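Here the protein sequences line up with chains W and A, keeping their order. Those letters in the first sequence? Residues 1 to 257, by our numbering. Those letters in the second sequence? Residues 1001 to 1257, by our numbering.
There are 2 protein chains.
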Amino acid sequence: MTSARPSTPQPPSRRIAEDLRRQIESGERSPGDKLPSERALAEAYGAARNTAREAIRILAEQGLVTAKHGSGVFVREPQRLFRFGSDRYSLKNRETGLTPFRLEAKKQGKVARIEVPSIAREKPPVDVAERLKVPADEESVVHRENHYFADDEPVQIVSTYLRWDEAQGTLLMQPKTGKDGIYGRLEELGHVMTRVRDEISARMPTPEEAATLELLPGVPVLEVLHTSLDQDGIPFEVSRYVHRADQTGLLYELPVE
Amino acid sequence: MTSARPSTPQPPSRRIAEDLRRQIESGERSPGDKLPSERALAEAYGAARNTAREAIRILAEQGLVTAKHGSGVFVREPQRLFRFGSDRYSLKNRETGLTPFRLEAKKQGKVARIEVPSIAREKPPVDVAERLKVPADEESVVHRENHYFADDEPVQIVSTYLRWDEAQGTLLMQPKTGKDGIYGRLEELGHVMTRVRDEISARMPTPEEAATLELLPGVPVLEVLHTSLDQDGIPFEVSRYVHRADQTGLLYELPVE
DNA sequence: TGCGCCAACTGGCTTGAGCCACTTACTGGC
DNA sequence: GCCAGTAAGTGGCTCAAGCCAGTTGGCGCA
Chain W
1 MTSARPSTPQ PPSRRIAEDL RRQIESGERS PGDKLPSERA LAEAYGAARN TAREAIRILA
61 EQGLVTAKHG SGVFVREPQR LFRFGSDRYS LKNRETGLTP FRLEAKKQGK VARIEVPSIA
121 REKPPVDVAE RLKVPADEES VVHRENHYFA DDEPVQIVST YLRWDEAQGT LLMQPKTGKD
181 GIYGRLEELG HVMTRVRDEI SARMPTPEEA ATLELLPGVP VLEVLHTSLD QDGIPFEVSR
241 YVHRADQTGL LYELPVE
Chain A
1001 MTSARPSTPQ PPSRRIAEDL RRQIESGERS PGDKLPSERA LAEAYGAARN TAREAIRILA
1061 EQGLVTAKHG SGVFVREPQR LFRFGSDRYS LKNRETGLTP FRLEAKKQGK VARIEVPSIA
1121 REKPPVDVAE RLKVPADEES VVHRENHYFA DDEPVQIVST YLRWDEAQGT LLMQPKTGKD
1181 GIYGRLEELG HVMTRVRDEI SARMPTPEEA ATLELLPGVP VLEVLHTSLD QDGIPFEVSR
1241 YVHRADQTGL LYELPVE
């Protein structure tokens, strides 16, 4: 793809970045290793400190290194992925009495914690309104926001939207929703989850998301817009999952139809 | 989430970036609009050009703007997502005679083009070897690399791995694999696709991927590690899809088991 | 009219200097 | 033996200046 001879001479900052990248990928520098300081790098390459700094910025953007203020720049540890599977909706998980998140946390020997910062009646975002088939210009939904932590590290932000007319006055408006969680209550309302639709995309986080998830520069987020359909094909719940991509993966296992 | 009063005074570069971000999100600056030049921004905020430049870098990293050398900095257009569905493996799509990619391209009125840069016997990467259940230290697989384009814009890179002992001497070693593609040939070898496992993650692209996909800074990639299982639960094909996340989404629709 | 050149403007990248905030390790006093 | 204070080293961020390279549009020549 690139030309036979590297005809275009790379600018110094990129050359330094590529040197370091090669060293990291070849294992010459291992995860956790400290890189030379910006000042040392600059001197070694006969460049200005800003140029060395720019090289490190490039690597950080690629997710290869992390700078720790006052301490140094370190090769990033490969993260064990927390997997969220298509079976998170599975009925058989009900039997464990654990929510899918707690189950996955337990599998990895971590302590799960879930915060519910807000539950409120709201106007839905347009993409949610479309999928839940409610008007976008009225306060037609209940919005439940949840933050999930594993060993006190934030892992995902989940916004769940339910029809206001159904949720009104029920446990769905409370932080504790009772046995089997919201899906238990929704079943009592006549909605048995039969099919799900997950729309997946990836993007860079907003500043708010970066703060909430304590994301380092160069870490994207995975966004899943989830729709639950009941036995009649009626959408009764829409959720937006925002996962940190450095610690999270998704797993879908499905039959070919 | 943030403190009541913004006690920590943001550095100038961030302040400029946040100003611009707010203007973009409020619609004050629309997609396609040109931002003030670095020099103009610097003067307007009483800062050095480098500082204005840093602000723009921050926005670019968030995927909000794109710089065009010699021309200006522009608010990025929201991209229509090219959706790859779980039905890409579906048998019913066979009837159209089109591959899933060509089908999706046609839906969006774009011209699909597929390149096959290489087909070679290789040692598999460890993650592929694990899933295909072949040794990682031998040349046990055939690696087919494909590049997909829509209207000549690169959209995804796909690496397909097949067992060498099965593919050897068949059409699977050729660029043109005949009717119904590789899955047609694999069926003749006794593998009917019955279940699929897709492992999804997101990350920043490597420099090579950024070059091949013509990615702008601040655009992550979606990686799908796909495994096909046959009627006996035997994995017979593993593919790694690398999608550009600014134009691509994934759609999984599945029954709850 | 049409085309080619060129000036002005844009971002890309570097330099070298300086100040600040945070971390770490050592050192001296209690 | 402990602990507080400090000095040295680190990244975070800015400044002011300069050169380069790509783009654009207008001006003037043929």
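All C-beta atoms, glycine included, are put in the ideal place defined by N, C-alpha and C. Fair warning: this is a prediction, and the values are worked out from it, not measured in the lab.
Find the residues of chain W that neighbour GLY1249 (chain A), judging by a C-beta separation of less than 8 Å, and give them in chain order. The answer, in chain order, is GLU199, ILE200 and SER201.
7 Å CB neighbourhood of PRO1006 (chain A) in its chain, flanking five on each side removed: With a pLDDT of 40 at PRO1006 (chain A), under the threshold of 50, the modelled position of this residue cannot be trusted; read the value that follows with caution. Hits under 7 Å: none found.
Can you tell me which of W:GLU145, W:ARG121, W:LEU103 and W:THR227 puts its alpha carbon nearest to the alpha carbon of ARG195 (chain W)? Comparing Cα positions, the closest option is W:THR227.
From GLY1178 (chain A) to ARG22 (chain W), what does the alpha carbon distance come to, in whole angstroms? Going by the C-alpha atoms only, they are around 40 Å apart.
When the Cα atoms are used, what is the spatial distance from ARG1187 (chain A) to GLU1237 (chain A)? Sequence inspection shows Glu at residue 1187 (chain A); the Arg mentioned does not correspond to that position. Cα to Cα, the separation comes out at about 12 Å.
Spell out the partners DSSP gives GLY1249 (chain A) in its beta bridges. DSSP output for GLY1249 (chain A) lists A:ARG1083 as bridge partner(s).
On the criterion of 16 or more Cβ atoms from any shown chain inside 10 Å, does HIS69 (chain W) qualify as buried, or is it exposed? The residue in question, HIS69 (chain W), is exposed, as its Cβ has fewer than 16 Cβ neighbours within 10 Å.
Would DSSP call ARG244 (chain W) helix, strand or coil? Looking at ARG244 (chain W) - three-state DSSP - the assignment turns out to be strand.
Which chain A residues are close to SER255 (chain W), counting only those with a beta carbon under 9 Å from its beta carbon? Note that residue 255 (chain W) is Pro in the sequence shown here, rather than Ser. Result: THR1194, ARG1195, VAL1196, LEU1254, PRO1255 and GLU1257.
Which residues, in chain order, does the stretch 1051-1065 of chain A contribute to contact with chain W at a C-beta distance below 7 Å? The stretch 1051-1065 of chain A vs chain W, Cβ under 7 Å: GLU1061, GLN1062 and GLY1063.
Buried versus exposed, by CB contacts within 10 Å (16 or more), SER71 (chain W): Exposed: under 16 other Cβ atoms inside 10 Å.
According to DSSP, is ILE24 (chain W) part of a helix, a strand, or is it coil? Helix, per DSSP.
Chain-ordered residues of the stretch 1143-1154 of chain A with a beta carbon less than 9 Å from chain W: Within the stretch 1143-1154 of chain A, no residue has a Cβ lying closer than 9 Å to any Cβ of chain W.
Between which two residues does the beta strand (DSSP E) harbouring GLY1072 (chain A) extend? Taken as a continuous stretch (DSSP letters only), the beta strand (DSSP E) holding GLY1072 (chain A) covers 1072-1075.
Neighbour flag for TYR1089 (chain A) against chain W, beta carbons, 7 Å: Under the Cβ criterion of 7 Å, TYR1089 (chain A) is counted among the residues facing chain W.
Skipping 5 residues on each side, what residues in its chain have a beta carbon closer than 7 Å to that of MET1173 (chain A)? For MET1173 (chain A), where only same-chain residues beyond five positions count, the Cβ hits under 7 Å are ILE1119, VAL1142 and ALA1167.
I'd like to know if LEU222 (chain W) contacts chain A, where contact means its C-beta is closer than 7 Å to some C-beta of that chain. Yes, because at least one Cβ of chain A sits closer than 7 Å to the Cβ of LEU222 (chain W).
Report the CB separation of SER1159 (chain A) from SER1239 (chain A) in whole angstroms; it is logged as a contact under 8 Å. In this structure SER1159 (chain A) touches SER1239 (chain A) by the C-beta definition: roughly 6 Å separates them, less than 8 Å.
Quick check: the Cα distance between PRO154 (chain W) and PHE84 (chain W), rounded to an integer number of angstroms? When rounded, the distance between both Cα atoms is 15 Å.
For the alpha helix (DSSP H) containing THR1051 (chain A), list its first residue and its last residue. Counting along the chain, the alpha helix (DSSP H) containing THR1051 (chain A) begins and ends at 1049-1061.
Closer than 7 Å, CB to CB, is ALA1129 (chain A) near chain W or not? ALA1129 (chain A) does not count as touching chain W.
Where does ARG163 (chain W) land, buried or exposed, given buried means 16+ other C-beta within 10 angstroms? Buried.
Straight-line Cα distance separating THR212 (chain W) from MET1001 (chain A): Residue confidence is low: MET1001 (chain A) scores 37 on pLDDT, short of 50, so the model does not pin down where it sits. Its coordinate-derived value is still stated next. For MET1001 (chain A) and THR212 (chain W), the gap between their C-alpha atoms comes out near 8 Å.
Distance, Cα to Cα, ARG113 (chain W) vs LYS176 (chain W)? C-alpha separation (whole angstroms): 14 Å.
Let me know if PRO205 (chain W) comes out buried or exposed under the rule of 16 or more other beta-carbons within 10 Å of its beta-carbon. Classification for PRO205 (chain W): buried.
Positions along the stretch 67-85 of chain W whose CB lies within less than 8 Å of some CB in chain A: Flagged, chain order: LEU81 and ARG83.
Hey, does ALA1048 (chain A) have any beta-carbon neighbour from chain W nearer than 7 Å? Using beta-carbon distances, ALA1048 (chain A) does not count as an interface residue toward chain W, since no partner is under 7 Å.
So the alpha helix (DSSP H) VAL1256 (chain A) belongs to, where does it begin and stop? That residue, VAL1256 (chain A), is in no alpha helix (DSSP H); it is neither H nor E in DSSP.
Just to confirm, are ASP180 (chain W) and VAL219 (chain W) a CB contact at a threshold of 7 Å? No. Outside cutoff.
Closest to VAL73 (chain W) by C-alpha separation, out of W:LEU98, W:LEU103, W:SER30 and W:LYS110, would be which residue? It is W:SER30 whose Cα lies nearest to the Cα of VAL73 (chain W).
According to the neighbour-count rule (16 or more other Cβ atoms, all chains shown, within 10 Å of its Cβ), is ARG1039 (chain A) buried or exposed? Result: exposed.
Within the 7 Å Cβ cut-off, does GLY218 (chain W) reach chain A? Contact with chain A is found for GLY218 (chain W), since one of that chain's Cβ atoms lies less than 7 Å from the residue's Cβ.
So which of W:PRO124, W:HIS147, W:GLU145 and W:ARG144 has the shortest CA-CA distance to ASP137 (chain W)? Measuring from the Cα of ASP137 (chain W), the nearest candidate turns out to be W:PRO124.
Leaving out five residues on either side along the sequence, give the residues of the same chain with a beta carbon under 8 Å from the beta carbon of GLU18 (chain W). Within the same chain, GLU18 (chain W) has close Cβ partners GLN10.
Keeping to the same chain, check which residues put their C-beta closer than 7 Å to that of GLU1122 (chain A); ignore five residues upstream and five downstream. Answer for GLU1122 (chain A): GLU1139, VAL1141 and HIS1143, listed in chain order.
Chain A contact residues for ALA245 (chain W), given Cβ-Cβ distances below 8 Å: Those are SER1201, ALA1202, ARG1203 and PRO1220, listed as they occur along chain A.
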